[in-house]
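Counted the way this note's numbering counts, the sequence shown spans residues 9 to 551. Beta carbons are placed, not taken as given, at the ideal position from N, Cα and C, and that holds for glycine.
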Amino acid sequence: MTQTRPWWESAVVYQIYPRSFKDSSGNGVGDLQGIIEKLDYLNDGTPNSLGIDAIWLSPFYESPMKDFGYDISDYRNVDPLFGDLATFDKLVAEAHKRNIKIIVDYVPNHTSDEHKWFTESKSSKDNPKRDWYIWRDAQADGSPPNNWGSIFGGSAWEWDDITQQYYFHQFVPGQPDLNWRNPEVREAMYDVLRFWMDHGVDGFRMDVVYMVWKHPEMLDQPLIPGAVGRGPNDLYGLQQQIYSQNYDGIHDIMKELRSTLDEYGDKVMIGEIWLPLLERMRYYGDGQNDEFHMPFNFDLIDDGTFQNPTSWQAKRFRTLIDQHDAAVPEYGWPNYVLGNHDVPRLASRIGGVHRARTAAMMLLTLRGTPTIYMGEEIGMVNGIIPPEKVQDPQGLVLGHEFTRDVCRTPMPWSDDKYAGFSTTEPWLPVNADYQTANVATEQNDAHSMLSLYKALINLRKQNATLLFGSYQSLDSANNTYCYLRQTDSESMLIVLNFNDEPTSINLPYSGDIILSTTLQRTDAIDQTVELDSNEGLIIKITG
Ligand code: NOJ
Numbered sequence: 009m010t011q012t013r014p015w016w017e018s019a020v021v022y023q024i025y026p027r028s029f030k031d032s033s034g035n036g037v038g039d040l041q042g043i044i045e046k047l048d049y050l051n052d053g054t055p056n057s058l059g060i061d062a063i064w065l066s067p068f069y070e071s072p073m074k075d076f077g078y079d080i081s082d083y084r085n086v087d088p089l090f091g092d093l094a095t096f097d098k099l100v101a102e103a104h105k106r107n108i109k110i111i112v113d114y115v116p117n118h119t120s121d122e123h124k125w126f127t128e129s130k131s132s133k134d135n136p137k138r139d140w141y142i143w144r145d146a147q148a149d150g151s152p153p154n155n156w157g158s159i160f161g162g163s164a165w166e167w168d169d170i171t172q173q174y175y176f177h178q179f180v181p182g183q184p185d186l187n188w189r190n191p192e193v194r195e196a197m198y199d200v201l202r203f204w205m206d207h208g209v210d211g212f213r214m215d216v217v218y219m220v221w222k223h224p225e226m227l228d229q230p231l232i233p234g235a236v237g238r239g240p241n242d243l244y245g246l247q248q249q250i251y252s253q254n255y256d257g258i259h260d261i262m263k264e265l266r267s268t269l270d271e272y273g274d275k276v277m278i279g280e281i282w283l284p285l286l287e288r289m290r291y292y293g294d295g296q297n298d299e300f301h302m303p304f305n306f307d308l309i310d311d312g313t314f315q316n317p318t319s320w321q322a323k324r325f326r327t328l329i330d331q332h333d334a335a336v337p338e339y340g341w342p343n344y345v346l347g348n349h350d351v352p353r354l355a356s357r358i359g360g361v362h363r364a365r366t367a368a369m370m371l372l373t374l375r376g377t378p379t380i381y382m383g384e385e386i387g388m389v390n391g392i393i394p395p396e397k398v399q400d401p402q403g404l405v406l407g408h409e410f411t412r413d414v415c416r417t418p419m420p421w422s423d424d425k426y427a428g429f430s431t432t433e434p435w436l437p438v439n440a441d442y443q444t445a446n447v448a449t450e451q452n453d454a455h456s457m458l459s460l461y462k463a464l465i466n467l468r469k470q471n472a473t474l475l476f477g478s479y480q481s482l483d484s485a486n487n488t489y490c491y492l493r494q495t496d497s498e499s500m501l502i503v504l505n506f507n508d509e510p511t512s513i514n515l516p517y518s519g520d521i522i523l524s525t526t527l528q529r530t531d532a533i534d535q536t537v538e539l540d541s542n543e544g545l546i547i548k549i550t551g
């Protein structure tokens, strides 16, 4: 059965933010060689390693780092901070030796303002690359061409004194938006995909890809009634993004991206698409599998605040997951994400590391590909970033509480100085709890979060029911979330206690406990399930 399915359906994906994973050069910033050195930790072919199947690498391309690599000045090169192309090729080869696929980030919406396309475009109004970006005249009073706001705060338009026009940027001014309506831009960007596929990558995670196609006249965005925004600099948060995101015609572009990947076969296309469920489902393709294999599913992250422990409720998760599972078209495949480099850490968001164990069991037992953000497997919490240490442009413009630095602190490998991440002071402070929440310490603790992740991944890998069985949630009492995963030959019952205290429920099943989030229990159950606080169980049904 598994052979006929595409590899990503049975894969566990692990996201690496290269700046923060492992510094091999001693400059306080992670790099590609550092990742190579940790590949055995990720998968050495035995259950002693984490056992992941694919790495998604956030950008490592040449960049002035105004948005830490999401501002690319050369799509076809590695930034010297991270290494060089030869090291990248070595990373691909070493990963493949360990059966780890490499998915790279692809940033189609914008380049850096230091990309040579932009410096040419900016040089004069009649430069052949002028139309590769979005340039407009000022309004009569000199103000920007429309009311659109930048996601990082302020106007989305930047004035250029030399050519006396504004250019458009949805993120920082150092990230001018490309003009995807220009066919030359599209061809150049499809060639970027081919370049990396020629270097052996197995797929792409496509950055804010639903934003590349804008209204041709860029009409003013309507305002959201009653919106208060994210502080005094926020325009974006006050507006409905109807002309800049998910705009009519976007799906034709998505199909072109997909057919470029299909030239090579077997490459996965994952989309960063923050849209409501039904709109997002359209990115699987319209009636057929011709767009994304996996439009990232952020439903379990985005409760509108990104940090709301009271949303840790069984019913809420059941509803979101039932809806997603039912909405994915039959030619598509579900996926689940609980954290990434843009949102507060899972454990901090949901109210504690104790709850994150339950979340881990949920993520790794659902029908759909899980993506784990580095550090979740050791229960990392938000780092503490004093205001003067904020690096992230979003935190700098919108305010300290919006900084994404909190989830980008260095991966703690040991209780050594600088958490074994670097031999020098890292670019962001290591977490305060690194002496206990680190890989080496957790490797030696049979009941640690890391041991739980290993057990869950290992079980998932070997169990066709957990990988491909149907999903059916059950009615259950007392703030628990229960579901069946079933094939013709096997039924697994997953029971998750969302309470911070012990809970008992009745279910019409008996069976053997295969795994508990406590890693301390393998008894049998018969109709009644006694759960410890925040405990999750995987039960093989026997009757
Ligand atoms: C989404 C990325 O995940 C985020 O980190 C980045 O700042 C923006 N896109 C702009 O590229």
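Item to check | Host alpha helix (DSSP H) of Ser484 (start-end) | outcome: Judged by DSSP secondary structure, Ser484 falls outside any alpha helix (DSSP H); it is assigned neither H nor E.
Checklist entry - Starting from Val126 and walking both ways along the alpha helix (DSSP H), at which residues does that stretch end? => result The displayed chain sequence assigns Phe, not Val, to residue 126. Where Phe126 is concerned, the enclosing alpha helix (DSSP H) stretches over Lys124 to Ser131.
Checklist entry - Does DSSP put Tyr272 in a helix, in a strand, or in coil? => result coil
Item to check | Chain-ordered list of residues that sit, by beta carbon, closer than 5 Å to a heavy atom of the ligand SAH | outcome: Only the ligand NOJ can be found as ligands here, which leaves the ligand SAH out of the picture.
Checklist entry - Buried or exposed: Met9, going by 16 or more other Cβ atoms within 10 Å of its Cβ? => result Only weak support exists for where Met9 lies, its pLDDT of 44 falling under 50; the value from the coordinates is given anyway. Exposed is the call here.
Checklist entry - Does the segment 234–242 come close enough to the segment 169–186 that 3 or more CB-CB pairs lie under 8 Å? => result no
Next on the checklist: On the DSSP bridge list, what partners appear for Gln494?
Outcome noted: Ser478 and Ser499
Checklist entry - Mapping DSSP to helix, strand and coil, what is Ile44? => result Helix at Ile44.
Next on the checklist: Looking only at its chain, what residues have a beta carbon closer than 6 Å to the beta carbon of Tyr381, apart from the 5 residues adjacent to it on each side?
Outcome noted: Gln23, Gly347 and Asn348
Checklist entry - Where Leu50 and Ala164 are concerned, what is the direct C-alpha to C-alpha distance, given to the nearest angstrom? => result 40 Å
Checklist entry - beta strand (DSSP E) containing Leu538: first to last residue? => result Note that residue 538 corresponds to Glu in the displayed sequence, not to Leu. Counting along the chain, the beta strand (DSSP E) containing Glu538 begins and ends at Ala532 to Leu539.
Item to check | Phe212 - containing beta strand (DSSP E), residue span | outcome: Run containing Phe212: Gly211 to Met214, per the beta strand (DSSP E) assignment.
Item to check | Start and end residues, beta strand (DSSP E) containing Trp64 | outcome: Ala62 to Leu65
Checklist entry - Hey, quick one: how far does the alpha helix (DSSP H) through Thr12 stretch, first residue to last? => result No alpha helix (DSSP H) contains Thr12, which DSSP labels as neither H nor E.
Checklist entry - To the nearest angstrom, how far is it from the Cα of Ile159 to the Cα of Tyr69? => result 22 Å
Checklist entry - Going by DSSP, which residues form a beta bridge with Asp520? => result Ala532 and Lys548
Next on the checklist: Which same chain residues end up closer than 8 Å to Ile261 when comparing Cβ atoms and leaving out the 5 residues on each side of it in sequence?
Outcome noted: Contacts found: Trp188, Arg194, Val220 and Trp221.
Checklist entry - When the distance is taken between beta carbons, is Asp39 closer than 8 Å to Ile111? => result no
Item to check | Touch test, the segment 132–143 against the segment 78–89, Cβ-Cβ under 8 Å, three pairs minimum | outcome: no
Checklist entry - For Asn466, which of helix, strand or coil comes out of DSSP? => result helix
Checklist entry - Are the C-beta of Val37 and some C-beta of chain C separated by less than 8 Å? => result Among the chains of the structure shown, chain C does not appear; only one protein chain is present.
Checklist entry - Which residue's Cα is closest to the Cα of Val345: Leu372, Arg493, Gln248 and Asp298? => result Leu372
Checklist entry - In angstroms, rounded to a whole number, what distance separates the CA positions of Asn135 and Asp413? => result A straight line joining the alpha-carbon of Asn135 with that of Asp413 spans about 38 Å.
Item to check | Beta-carbon contacts of Asn466 that lie in its chain and below 6 Å, excluding the five residues immediately before and after | outcome: Pro55 and Gly59
Item to check | Among Ile281, Gln229 and Asp307, the one whose alpha carbon lies nearest that of Val115 | outcome: Minimum Cα-Cα distance from Val115 among the listed residues Ile281, Gln229 and Asp307 corresponds to Ile281.
Next on the checklist: Per DSSP, what are the beta-bridge partners of Leu504 in this structure?
Outcome noted: Tyr489 and Gly544
Item to check | Inter-stretch contact at 8 Å, needing at least 3 Cβ pairs: the segment 488–503 / the segment 540–551 | outcome: yes
Item to check | In DSSP terms, what Gly157 is bridged to | outcome: Bridge partners of Gly157: Ser163.
Next on the checklist: Using the Cβ count rule (16 or more neighbours within 10 Å means buried), how would you classify His104?
Outcome noted: exposed
Item to check | Minimum length 4: unbroken alpha helix (DSSP H) runs contained in the segment 377–434 | outcome: 401–406
Checklist entry - Taking the continuous alpha helix (DSSP H) assigned at Gln173, which residues delimit it? => result Segment Gln173 to Phe176 is the beta strand (DSSP E) holding Gln173; no alpha helix (DSSP H) there.
Checklist entry - Shortest alpha-carbon distance to Lys130 belongs to which of Gly162, Gln173, Lys98 and Gln147? => result Gln173
Checklist entry - So who's on the other strand from Thr511, going by DSSP bridges? => result Leu539
Item to check | Sheet register partners of Gly279 (DSSP bridge) | outcome: Met214 and Pro303
Item to check | Given 8 Å, three or more beta-carbon pairs between the segment 432–451 and the segment 392–407 | outcome: yes
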